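These notes concern the structure reproduced below.
Number of protein chains: 2
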Amino acid sequence: MNAEKTALPEIDIPYVKQACSNCIMRELCLPVALASNVLDKLDELVYLRKRFKAGTHIYHAGNNFHYLYAVRSGFVKLETLNEDGREQVTGFYMMGEILGFDGIATDQHMCTAVALEDSELCVIPFDRIEHVGQEMEHLHHHFYMLMSREIVRDHTMMMLLSGMQGDARIAAFILNLSQRFHERGYSSYDLVLRMKREDIGSYLGMKIETVSRVLTKFRDQGLLEVHQKHVRILDMNGLQKLVGHHPCK
Amino acid sequence: MNAEKTALPEIDIPYVKQACSNCIMRELCLPVALASNVLDKLDELVYLRKRFKAGTHIYHAGNNFHYLYAVRSGFVKLETLNEDGREQVTGFYMMGEILGFDGIATDQHMCTAVALEDSELCVIPFDRIEHVGQEMEHLHHHFYMLMSREIVRDHTMMMLLSGMQGDARIAAFILNLSQRFHERGYSSYDLVLRMKREDIGSYLGMKIETVSRVLTKFRDQGLLEVHQKHVRILDMNGLQKLVGHHPCK
DNA sequence: CGGCATCTTGAGTTGGGTCAATGGTCGTGG
DNA sequence: CCACGACCATTGACCCAACTCAAGATGCCG
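For the record, the sequence lines run as chains A and B.
Residue numbers for the first sequence follow our numbering, beginning at 31 and rising by one.
Residue numbers for the second sequence follow our numbering, beginning at 31 and rising by one.
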């Protein structure tokens, strides 16, 4: 909580757009409903958006932590470095989701965030969030909720990784995306997987050959239509059964 | 955030001990160093400790969320329920660690916390934390750090689960415990695994037979001495090599 | 001592990893 | 516009780590 953080440090990628008032967070479909005055406050605090081209880094593991990022459009993956330097995908973020919480613990980011397609993010200076006045304690509650949500999500992921077989992992993954798209007003049946098979494999703990094989199998079973990154769910129930129906180790 | 939370709801297990002032959190070896005045404030807010017998629940999935719990002594496991009702261990907490963050997101606990041995926990009313005044914003920072730490830890766990083989998982698990004991002033070589093989297996995503076999193998290789729950590390380096040395899938 | 829970060990099976080759798609430049 | 190459995805054959089932061994408590 050192004072020099209050003066915003130079951001390592050029600003793209100065925000007009009351328009940045407002349009953002946050996963938790916010009171109007909280949104106003957020718009005050969040004064810029930034575009990232597909493949560019939003932050690197080791970077000093200053900002959280809310995804306005696009798709972002989070990679965690393990002991031996290899990277592993530990999360995907889409419109309305916030990333960067990994940096608070040590004031340095522990993960690397990469845009999977051209994306636009809101840049949220975290120290401003922390220093909002007492009248804005709603804001703290909101961020506690967001972090808790991430923790719960990670626990779900751990369960999936340690308890389920390949089939169930892929099914759970597809259903999860489907649900998140649905919540944002998109079709829950027609999905575009913005990430490559390699990312899916890394995230789900399986090799890309296996990812591919499972997708083919699902297609043969009439559960999905698969054309490259485009996936159409034909049998939602069938997928749910795969997840729930004890195909656990 | 609703007002009735300010009045503390009945806690579902009887209080054991009313705290004397300035003694509850003080003695707690928190994972993040705290300024003295922050500790004072915490001692004000945290006004009770509670004992839990081995095997008893601290909270259940579905319980309304009111408190965080700091482990003063003992050992706690966290279990997450998956779709089909089976439970899976998603964390272990020892002295100085805080659990309960899973409840903030929806105001209901998403996991079940169980004492693995007789344990004493500090009960921290979360709404008091949220409503501390501006002068205590350090406290918010502290809790943001704790939550971020949990997120980072979960990411590490996800990596371990999806990227490592059985040998490496067990090695990483033992080294992790060793480190945490060491940080708390205990030997990093002589460990007592408070949980059963089944819990380890659930946590690490392997069957108890495999856990057992790996431990036996490590014993045969001279890495460990194993007597039931007591484990002595003979070759720390060897274990570290297993984790780092790409025995990944 | 018996009964119960936990842990270990063995034998056989399988899901998913490895290696290797083929097939698609896209972008660039002639 | 087509041809080339780079990159990504799919498919097949083979193999091994970890699962399953089953039997013992060990320890703990009354």
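Positions of the beta carbon are idealized from the N, C-alpha and C atoms, including for glycine.
As the structure is a prediction and not an experimental result, all values here were calculated from the model.
CB contact below 7 Å: residue i versus chain A
| i | result |
| --- | --- |
| Glu57 of chain B | With a pLDDT of 47 at Glu57 of chain B, under the threshold of 50, the modelled position of that residue is not reliable, and the figure given next carries that caveat. With 7 Å as the cut-off, Glu57 of chain B does not count as an interface residue toward chain A. |
| Tyr97 of chain B | no |
| Met266 of chain B | no |
| Thr110 of chain B | yes |
| Val182 of chain B | yes |
| Cys53 of chain B | Interpretation of Cys53 of chain B is limited by its pLDDT of 48, a score under 50 that renders its predicted location unreliable; no figure is taken from the coordinates. |
| Tyr174 of chain B | yes |
| Gly235 of chain B | yes |
| Met124 of chain B | no |
| Met187 of chain B | yes |
Candidates the options, of which the one nearest residue i by Cα
| i | options | result |
| --- | --- | --- |
| Arg210 of chain B | B:Glu127, B:His87 and B:Leu75 | B:Glu127 |
| Pro155 of chain B | B:Phe131, B:Phe248 and B:Ser178 | B:Phe131 |
| Leu234 of chain A | A:Met189, A:Leu272, A:Ile181 and A:Ile88 | A:Met189 |
| Val256 of chain B | B:Met187, B:Arg243 and B:Asn267 | B:Arg243 |
| Leu269 of chain B | B:Ile230, B:Ala202, B:Asp229 and B:Gly215 | B:Ala202 |
| Arg102 of chain B | B:His168, B:Lys271, B:Leu129 and B:Asn112 | B:Leu129 |
| Thr120 of chain A | A:Ser232, A:Lys259 and A:Ala198 | A:Ser232 |
| Val76 of chain B | B:Ala143, B:Val153, B:Ala135 and B:Gln138 | B:Val153 |
| Thr142 of chain B | B:Asn94, B:Arg183 and B:Ile181 | B:Asn94 |
| Val273 of chain A | B:Asn112, B:Leu78 and B:His90 | B:Asn112 |
| Gly115 of chain A | A:Ser217, A:Leu264 and A:Met140 | A:Met140 |
| Gln138 of chain B | A:Val182, A:Asp250, A:Asp157 and A:Asp137 | A:Val182 |
| Gln195 of chain A | A:Gln258, A:Arg227 and A:Thr240 | A:Thr240 |
| Met266 of chain B | B:Asp157, B:Gln251 and B:Lys259 | B:Gln251 |
| Arg227 of chain A | A:Arg214, A:Arg249 and A:Lys259 | A:Lys259 |
Residues of its chain near residue i, where Cβ-Cβ distance is below 6 Å and the 5 sequence neighbours each way are ignored
| i | result |
| --- | --- |
| Glu160 of chain B | none |
| Met177 of chain A | Phe131 |
| Ile200 of chain A | Val244 |
| His90 of chain A | Thr142 |
Beta-carbon proximity list for residue i, same chain, < 8 Å, skipping 5 on both sides
| i | result |
| --- | --- |
| Phe105 of chain B | Phe122, Tyr123, Met124, Ala145, Leu146, Glu147, Ser149, Arg224 and Met225 |
| Lys83 of chain B | Ala145 and Asp148 |
| Lys247 of chain B | Asp197 |
| Val162 of chain B | Lys71, Leu75, Leu169 and His170 |
| Arg214 of chain A | Cys59, Met124, Met125 and Gly126 |
Beta-carbon spacing of residue i, residue j below 7 Å
| i | j | result |
| --- | --- | --- |
| Leu151 of chain A | Lys237 of chain A | no |
| Gly193 of chain B | Gln118 of chain A | yes |
| Leu207 of chain A | Leu221 of chain A | yes |
| Val261 of chain A | Leu254 of chain A | yes |
| Ile88 of chain A | Tyr97 of chain A | no |
| Thr86 of chain B | His185 of chain A | no |
| His170 of chain B | His170 of chain A | yes |
| Gln191 of chain A | Leu191 of chain B | For clarity, residue 191 of chain A is Leu in the given sequence; the question names Gln instead. Cβ atoms of Leu191 of chain A and Leu191 of chain B: closer than 7 Å. |
| Ile134 of chain B | Met187 of chain A | no |
| Tyr216 of chain A | Ile263 of chain A | no |
Residue-chain proximity (residue i, chain B), Cβ-Cβ < 7 Å
| i | result |
| --- | --- |
| Thr246 of chain A | no |
| Arg179 of chain A | yes |
| Thr120 of chain A | yes |
| Ala135 of chain A | yes |
| Ser208 of chain A | no |
| Ser192 of chain A | yes |
| Glu150 of chain A | no |
| Asp132 of chain A | yes |
| Met225 of chain A | no |
| His171 of chain A | yes |
| Ile160 of chain A | Reading off the sequence, residue 160 of chain A comes out as Glu, not Ile. At least one chain B Cβ lies under 7 Å of Glu160 of chain A. |
| Ile154 of chain A | no |
Cutoff 7 Å; reference residue i; Cβ partners in own chain excluding five residues on either side
| i | result |
| --- | --- |
| Asp229 of chain B | Lys107 and Val119 |
| Glu180 of chain A | Phe131 |
| Arg158 of chain B | Leu75 |
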